[in-house]
Amino acid sequence: MSSQPADDNLYPMRHSLAHIMATAIMHLWPGAKLGVGPVVENGFYYDVDLGKDHTLSEDDFAKIEVEMKKVVAADQPFERFTKPIGEAIVWAKEAKQPYKEELLNDLKRAGTTSAKDIHADELGITANGESKVEEVSFYKNGDFTDLCRGPHVESTGKVGAFKLMRVSGAYWRGKDSNPQMQRVYGAAFATDKELRQYLQMLEEAKKRDHRKLGQELDLFIFSPLVGAGLPLWTPRGTVVRNKLNDFVQELRDEAGFEEVTIPHITKKDLYEKSGHWAKFKDELFKIQTREGHEYAMKPMNCPHHTQIYDSKPRSYRDLPIRYRDTTMVYRDEQSGELGGLSRVLCITQDDAHVFCRLSQAKDEALHLWDVIEQFYAIVGIPLRLRLSLHDPSTPEAYAGSEEKWQEVEGALREIAKERVGDDFTEALGDAAFYGPKLDFLGRDALGREHQVATVQFDFGQPEGFDLTCTNEEGEDERIVMVHCAVMGSLERFLSVYIEHTAGKFPVWVAPEQIRIVTVNDDVATVKFVMSLAEQAEKLKLRFTIDNSNESVGKKIRTAELLKVPYTVVVGEKEVQTGELTPRIRRDLAVSEQTASRTVDEFLKTVANEAVSRVSKTSL
RNA sequence: GCCGUCUUAGCUCAGUGGUAGAGCACUUCCAUGGUAAGGAAGGGGUCUCGGGUUCAAAUCCCGAAGACGGCUCCA
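Quick note: the first sequence uses the working numbering, first residue 1459, plus one each step.
Shown next, in the form of structure tokens:
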């Protein structure tokens, strides 16, 4: 989330609104303790602590907004001034703002607060930023003064359109050992129109919510008996999963991958060796055997795959060896983190591992990149690259030496540069503990980004498991691993894909491709439908027959609500002419008109669309 | 895990300190229907669960579970 000014004026507007909201809250609850109030995507927030006096809820928003509007109407100028740090601390004490006081004390002592801790922009740092802060800046509007670096708009009247959105808990300085404050979020835009558009986008997002569509389209369910974070896939949802996965597998087969199969549990020894146990043992589902041995559900697949590689001596001539495996992994996430399909306890990964020499890793990564691009081109989700690197300031979080990291990250950066020039971002601290990653962010139809595919270089696990090949000199040579997931987690990908398509799946993915609607149950109609079904069956099409006791209009509506790509009505006319007039789901049709065609022609066209994975039809 | 909100029929929701309602869905019947809802009748709920207050609790209080919005975490 960038807090840099995207638009010259929007940033100070939003930032000023944070101050205006704090002003309003101080008016309404004078004992409020303030945390920080930065600009975020689409708006701003302020962290407040009203103590035992009051717990904010959305019911308070109207009141706060009224008070904010008063401040806006008063058009108070924002006045900047500075104080020496010592005086600033006295100010915070006198103002009874302990959180501000803590920040100032940290500034005085350390010169800075770690960027992870706090939004650095929030602090009124004017000194060198290295070690000593001598002076901090303040902004004052009306009767409200706040420690702040700015910038702000000239006066409270110049802040555009805003709306308070929600209130939630947030730990002071983002640490779960700290007290929890209340974070009040506001959306803010330069004009009413933009604010309205943003709210409309949220409405649209609500309509497309995969949890809602998952139920309406009968794709997956959750059962309280099975538990939170454990989706159960219906027949329709399973078709969608399988069709997408089949495509990934197909692309991988072409890229030389072989499928392997592994058990879903293991002795803990495996993870002790891989390094996962030390780092993630609290997030593993553990199993005690009746003989008292400790096992764990697999939280990832790479360690298992290494054992297949390591089961016999490998020559450099055999490399690269490429394994693929779409399989579930299990992670004991904190209950509060679970949500829909985006975060679950059982994750289906379309996982792949390449075991190769260092000199081959680049080509392998590029091939996998090809696979990713082909897949995302077909599903229609544009990608953006993020190079995820380690954070040198926390070496304990990573396996391997700094030099090794530098080397491997350099190699990955090279690949990225070669392929997309400067068209990628770098993210410090987003690497896996065993190596850096090429992460791919998909942009959905509403413009939201989600992490999906990933290609990772891994030198840590080959070390841990002592994976080698015999080289030309007859010596053992350390190999490297390249990890790749195309959809990443099928669950999360499905959540993105369902929302991206609004559940309007293309023919090749649709759980039901054709719905056959009968007009009546004449013998001739029944016979016609039976023969139609038989032919569709032969072409492996997914269809259902709706011969229920309902009006034709009703049956069409039902098919439409289920977003079935093709609906064909069969009645007297069709029986006589032997031709169908297919009704095409609106988003699929290239043109408005639909011509009649023979049964054979129609079915073959649909079958062909399914095989060639087209997204539009000119039927 | 933490903070807050929510939980009434399969679904979407109304309701209220005096032992429950609608629409859709479902079942049956009538209608032989032509491209987004034909008509009628019927079945279905210990109002999430467990405690407490009360003559009386779905309603008020406490606790748990689940969902949602965030925080923290994310191999």
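We put the beta carbon where it would ideally sit given N, CA and C, even for glycine.
Own chain, CB closer than 8 Å to residue i, minus 5 neighbours either side, in chain order
i, result
"K1670", "K1664"
"D1740", "D1790"
"I2014", "V1975, T2025, V2027, R2041"
Sub-8 Å separation of residue i and residue j beta-carbons
i, j, result
"D1902", "K1962", "no"
"F1813", "V1944", "no"
"R1950", "V1829", "no"
"L1803", "G1672", "no"
"C1942", "A1810", "yes"
"P1969", "R1666", "no"
"V2033", "T1983", "yes"
"A1490", "V1529", "no"
"A1550", "L1565", "no"
"L1997", "A1890", "no"
"R1775", "F1715", "no"
"Q1807", "N1759", "yes"
"S1953", "L1799", "yes"
"R1538", "G1600", "no"
"G1493", "M1639", "yes"
"G2029", "V1977", "yes"
"I1974", "I2003", "yes"
"V1940", "E1822", "yes"
"L1622", "F1738", "no"
"D1916", "L1886", "no"
"K1756", "H1762", "yes"
"L1999", "L2061", "yes"
"L1948", "N1636", "no"
"R1472", "V1497", "yes"
Beta bridge counterpart(s) of residue i as assigned by DSSP
i, result
"C1927", "E1935"
"V1975", "D2004, V2027"
"I2078", "Since the first and last residues shown for the chain are 1459 and 2077, residue 2078 lies out of range."
"D1505", "R1641"
"Q1765", "Q1765 pairs with nothing; no bridge assigned."
"R1780", "V1812"
"R2055", "L2038"
"H1941", "H1811, Q1914"
"Q1746", "E1752"
"I1679", "L1690"
"I1723", "M1755"
"K1541", "V1594"
"A2047", "T2075"
"D1897", "R1844, T1912"
Cβ distance (whole Å) where residue i is taken to contact residue j below 8 Å
i, j, result
"V1625", "V1611", "Incorrect: roughly 25 Å between the Cβ atoms, too far for contact."
"Y1892", "A1857", "5 Å"
"A2068", "Q1993", "The pair is not a contact, with the Cβ atoms about 15 Å apart (cut-off 8 Å)."
"L2081", "F1898", "This structure leaves residue 2081 out entirely; the chain is present only between 1459 and 2077."
"Q1914", "K1895", "4 Å"
"Q1534", "T1614", "5 Å"
Nonlocal neighbours in the same chain, by C-beta distance under 6 Å from residue i, ignoring five residues either side
i, result
"S1474", "H1610, V1611, V1617"
"H1825", "A1713"
"A1476", "G1495, F1502, Y1504"
"R2071", "I1836, W1966"
"E1795", "R1801"
"N1467", "none"
"G1922", "K1731, S1732, G1733"
"D1676", "T1692, R1694"
Own chain, CB closer than 7 Å to residue i, minus 5 neighbours either side, in chain order
i, result
"S2073", "G1838, P1964"
"Y1955", "V1837"
"K1875", "none"
"Y1656", "N1500, A1645, F1647"
"F1986", "V2028, E2032, V2033"
"S1773", "C1927, T1928"
"G1582", "Since pLDDT at G1582 reaches only 46, below the 50 mark, its modelled position is unreliable, and the value read off the structure follows with that caveat. Counting only Cβ-Cβ distances below 7 Å, and skipping sequence neighbours, we find V1594, S1595, F1596, L1605, C1606, R1607."
"H1958", "I1839, D1902, A1903"
"D1650", "A1619"
"I1543", "L1562, L1565, K1566, V1591, E1592, E1593, V1594"
"D1768", "F1923, L1925"
"W1735", "K1726, Y1729"
Residue i beta carbon near the ligand HEM (any heavy atom closer than 7 Å)
i, result
"K1651", "Within the structure as shown, the ligand HEM is missing, as the structure has no ligands at all."
State whether the region 2037–2044 contacts the region 2053–2061, with contact taken as three or more CB pairs (one from each stretch) at a distance under 8 Å. The region 2037–2044 makes contact with the region 2053–2061, as at least three CB pairs between them are under 8 Å.
Give a yes or no on contact between the region 1626–1638 and the region 1596–1611, applying the rule of three or more CB pairs nearer than 8 Å. no
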